[in-house]
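What follows is a short report on a single structure.
There are 2 protein chains.
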Amino acid sequence: MASSQPQYSPKQLAEALCVSESSVKRWCDRGAVPTIRTLGGHRRVTLDGLHQFLKQTGRELSNPGVLGLPNLSLLSRRHVPGSDDSVHSAFREALALGMEATCRRILQERITSGWSATEAAEKLITDAMCGIGDAWTCDQLDIYQERRGCDIALRLVNELRASLPPIDPGAPVAIGGAPAGDPYQLPTALVELALRQVGWQAMSLGNNVPLESFQQATHDCDPQLVWLSVSSISDPIVFVAQVNEFAERLGENVPLLVGGRALDDTIRPQLRYTAHCDSVKHLIDLAALMKSKLKRDIATS
Amino acid sequence: MASSQPQYSPKQLAEALCVSESSVKRWCDRGAVPTIRTLGGHRRVTLDGLHQFLKQTGRELSNPGVLGLPNLSLLSRRHVPGSDDSVHSAFREALALGMEATCRRILQERITSGWSATEAAEKLITDAMCGIGDAWTCDQLDIYQERRGCDIALRLVNELRASLPPIDPGAPVAIGGAPAGDPYQLPTALVELALRQVGWQAMSLGNNVPLESFQQATHDCDPQLVWLSVSSISDPIVFVAQVNEFAERLGENVPLLVGGRALDDTIRPQLRYTAHCDSVKHLIDLAALMKSKLKRDIATS
DNA sequence: TCGCAAATCGGCCAAATCGTTCATTCTGGA
DNA sequence: TCCAGAATGAACGATTTGGCCGATTTGCGA
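Residue numbers (my numbering), protein chains in the order written: chain A, 56 to 356; chain B, 56 to 356.
So this is what it looks like as structure tokens:
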């Protein structure tokens, strides 16, 4: 997360929230607002603490300006439906120009206005990378801009990943990645983020991992779920054969989720898999379902 | 080895703690922060003293970057680093097994015991990745372990990068990356980290970037320094020709630093470049030198 | 080694914040 | 409708904080 963490005094919060200073102090003392103290005993509230408070109480800053914060309600998802495009294009442009701080800010604003980390990341990043890819094939962008954009996006995803609450060690394990010949890191990183957010102990093996190595990893980690993110296929025939062998060995008990833009209508029918996901949203729903099913199975056994 | 502990001034602590310099001075005088004095009476706080203060008051650095410390609580400081070798092998093993938290802890202990972020990262990570590479070619490790290790290491480097103080917008610009056919992201990320730490506005273009795209980037960004990190070469003849053409176009005013394990004695003599760096340490020294030279040039012009 | 710019010193003061108390307003039930 | 309990907002002296100042020290380059 951002290295600089601003802090606010009760008076500032009071003005931003349009309540009295006394109330803010009481809320701090009651524990509703996470508060730290200076050595002399003055209350200080970090930005994280403020966000936590706002989220838990469903409150909004009626006057964010005094804290130097952007007006979140204007970005609210339901309030400005038509602004999606403008936000997306702003993000895409910033990513192409290597303006990492701007990208991070847009993503953060998206999240503070009610999107989940996964939703915001998927929408903004996949859209932007598609757009950059298109522009690149049209010679409007240079290769280095595409590469740099990938690096920045990966950093953002990793930051979101780090900001998630710690994983429950008892949670079911999921592993996955991108197969050999697939150089894309972002999709599998997004899948990992999504699964972690819905409570899986998800671990991405990375990109360009041969399916034999998936098999070894499955043996080592004993997962309850395996995903395969496929953005690029070098040899379709070999790919289909290897995936099917892998699926065969996985057996019935471990579901195999596949997805990715390389799995088009010519490839997909030839593959053995448990489910195909068109989007991360789809994946999340499936994963949540499987998690609760696992829980039931354990409870009944 | 870093023998003497780093020391911080009240002003630095103030920024890291998000309080005023006056308050830090008062806290020092009150005895809350263990303080030593220079002969002339200036206050200095050692890293140990800082730890003691943070632990006793249950406090965290809200802005650790300005002290060159990683962005994590210093409370969990178990000071049992052991010998260099044992630390290295522990890190290597944790990386191979995907134990990200352990890796992060070892790296941070290294930094809080006086190493700079760059030094610690280079020593631990390059050593570990070499070791993992060796074990992999010997069939002791699986491919997925190597890929996962790279991903984790890259995350760690990016976390250190994020914990650095914000870049001075007036600082000289440096760009660089790994050329086409080179799939390694870590080396160029480490170089970027190192340059940022010594005050450059460094931006990595990523891996697998064609030299033509380097040229475009040079045109777009107008850097004062360009680096080329080469860990793998597909076609040596083409590579040499392209690097030399690139160096030619760069001209005299923009130094080209090259490095990486692929530049062996058969390749290097054929290349045009300003300097070759055997290690990141070497690179840091050179970059610091060039930065001060730039400063002088600007001052005299 | 010397000189100079930047950092730090100690002290001072206005403004902010502390904890507390009390009057007022809001809320839900008899 | 009335009342008791809870939350809010305002006011108080005591304490802390943050910025300012001229004098001194430090660190770096010539």
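In this text, a Cβ means the ideal position worked out from N, Cα and C, and glycines have one as well. Because the structure is a prediction, the values reported are computed rather than measured.
query                                                                                                                   : result
Length of the line joining the Cα atoms of A/L341 and A/H97                                                             : 48 Å
Residue ranges of each beta strand (DSSP E) within the region 163–235 of chain B, 3 or longer                           : 228–232
A/A172, buried or exposed, once every other Cβ within 10 Å from all chains shown has been counted against 16            : buried
Members of the region 204–236 of chain A that neighbour chain B once the beta carbon cut-off is set at 7 Å              : C205, D206, R210, N213
Exposure label - B/S268; buried when at least 16 CB within 10 Å                                                         : buried
Residues of its chain near A/F108, where Cβ-Cβ distance is below 6 Å and the 5 sequence neighbours each way are ignored : V88
Rounded straight-line distance, which links the Cα of A/Q279 to that of A/K346                                          : 9 Å
Contact between the region 195–209 of chain A and the region 222–235 of chain A (3+ Cβ pairs under 8 Å)                 : no
Residue-chain proximity (B/Y199, chain A), Cβ-Cβ < 9 Å                                                                  : yes
DSSP bridge partner residues for A/L280 (one or two, in chain order)                                                    : A/A229
Contact with chain B by A/R114, beta-carbon distance below 9 Å                                                          : no
Coarse secondary structure for B/H376, derived from DSSP in three states                                                : No answer is possible for residue 376 of chain B: it lies beyond the span of chain B, which begins at 56 and ends at 356.
According to DSSP, residues forming a beta bridge with B/L312                                                           : B/W282, B/A330
Whole-Å CB distance - A/E303 paired with A/R327, under 8 Å assumed                                                      : 7 Å
Endpoints, the alpha helix (DSSP H) within which A/Q107 is located                                                      : 102–112
Contacts that B/A87 makes with chain A (C-beta to C-beta distance below 7 Å)                                            : L94
Cutoff 9 Å: B/A149 Cβ touching any chain A Cβ                                                                           : no
Distance, A/A175 Cα to A/R165 Cα                                                                                        : 6 Å
As assigned by DSSP and simplified to three states, the class of B/A87                                                  : coil
Three-state class that DSSP yields for B/M345 in the structure shown                                                    : helix
Short CB-CB distance (under 9 Å) between A/N262 and chain B                                                             : yes
Alpha helix (DSSP H) segment containing B/Q67, residue limits                                                           : 65–72
Contact check, B/L211 vs B/C158, beta carbons under 9 Å                                                                 : yes
C-beta contact flag for A/L250 and A/L338 at 9 Å                                                                        : yes
Residue closest to B/L68, alpha-carbon to alpha-carbon, out of B/G86, B/D84, B/T112, B/N118                             : B/N118
Presumed contact (8 Å Cβ cut-off) between B/G236 and A/C205, rounded CB distance                                        : The Cβ separation is near 17 Å, so there is no contact.
Start-to-end residues for the beta strand (DSSP E) that takes in B/Q297                                                 : Per DSSP, B/Q297 belongs to no beta strand (DSSP E); it is in the alpha helix (DSSP H), 291–305.
Range of the contiguous alpha helix (DSSP H) that encloses B/Q252                                                       : 241–252
Close beta carbons around A/R133, own chain, < 7 Å, minus the five adjacent residues each side                          : Here the model assigns A/R133 a pLDDT of 47, short of 50, so the residue's position is not dependable, and the following value carries that caveat. Closer than 7 Å at the Cβ level, and outside the excluded window around A/R133, lies no residue.
One or two residues paired with A/S259 in a DSSP bridge                                                                 : A/G231
Reference A/D277, options A/W170, A/A229, A/F294, closest by Cα                                                         : A/A229
Residues near A/Q325 by beta carbon distance below 6 Å, same chain, minus five either side                              : V295
Interface residues of chain A facing B/W82 [CB-CB closer than 7 Å]                                                      : L94
B/Q60, DSSP secondary structure in three states                                                                         : coil
Pairwise C-alpha distance: B/D189 and B/A272                                                                            : 35 Å
Proximal residues, the region 253–287 of chain B versus chain A, C-beta separation under 9 Å                            : M258, S259, L260, G261, N262, N263, V264, P265, E267, S268, F269, Q271, A272, D275, C276
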